[in-house]
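**Q**
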Amino acid sequence: MEKRINKRIEQHQLDFKNSIKTFVDNNKCRVCGDETDLTSNFLRFIFDFDNLVLSKDDFKKRKRVKNQVPQYERCTAKRANGEQCTRRRKDSACFCGTHIKGTPHGVVDSDGETKTVTKIEVWVQEIKGINYYIDDSNNVYLPEDILQNSTSPRKIGIWNLTDSGDYEIPSLGV
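Add 760 to the 1-based position in the sequence shown for this note's numbering, that's all there is to it.
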């Protein structure tokens with residue numbers, strides 16, 4: 761199929777180039793530059809221009825990229841084939857949007873492999889002119905991990921509140 765399409769494209773481009781040459785000849789068109797006739801150079805440029813060639817990759821269908829949902833976030837309903845549904849569960853439910861309406865094939869038994877994820881609220885606090893990400897458990901986090909939305913950000917220190925109401929991080933010397 762590719763050869764046939766490449767032949768048609770090549771023939772179309774050749775016809776187009778010949779039509780340009782015929783138009784230039786019939787209408788006595790000239791390409792001028794600095795008092796010299798560049799018409800033959802122009803036509804040579806057009807005929808020497810590379811043809812469009814399609815490869816097998818141009819005809820391949822692009823594969824769909826599927827997101828992998830972690831086991832602890834998956835819907836707990838069974839599909840018709842008896843396996844666990846692969847969709848992400850809703851925030852406050854154990855099921856996805858489809859299975860929240862009903863589970864005709866049952867529910868998957870949990871084998872204790874469910875991970876509990878605790879969400880820690882962090883905020884930016886300026887301490888002696890430098891912004892640090894801290895939480896209400898007195899932890900200071902690595903900024904790169906917070907900005908990359910890491911599931912387990914690394915702790916770099918512990919902050920304290922002084923009597924005067926200022927923040928300090930003794931382990932970092934701040």
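Beta carbons are placed, not taken as given, at the ideal position from N, Cα and C, and that holds for glycine.
Considering only residues of the same chain and omitting the five flanking positions on each side of residue 835, which have a CB-CB separation below 6 Å?
**A** 845, 847, 849, 855, 856 and 859
**Q** Let me know the secondary structure DSSP gives residue 894 once reduced to three states.
**A** strand
**Q** I want to know whether the stretch 917-933 touches the stretch 890-903 - three or more CB-CB distances under 8 Å.
**A** yes
**Q** Taking the beta strand (DSSP E) that residue 767 falls in, what are its first and last residues?
**A** Taken as a continuous stretch (DSSP letters only), residue 767 belongs to no beta strand (DSSP E), being part of the alpha helix (DSSP H) at 762-786.
**Q** Pull up the distance between the alpha-carbon of residue 800 and that of residue 776, whole angstroms please.
**A** 17 Å
**Q** Closest to residue 892 by CA distance: which of 879, 880 and 906 is it?
**A** 906
**Q** Using DSSP with H/G/I as helix, E/B as strand and the rest coil, what is residue 973?
**A** No statement about residue 973 is possible, as the shown extent of the chain runs from 761 to 934 and does not include it.
**Q** With three or more beta-carbon pairs closer than 8 Å as the criterion, would you say the stretch 878-890 touches the stretch 923-934?
**A** The stretch 878-890 vs the stretch 923-934: in contact.
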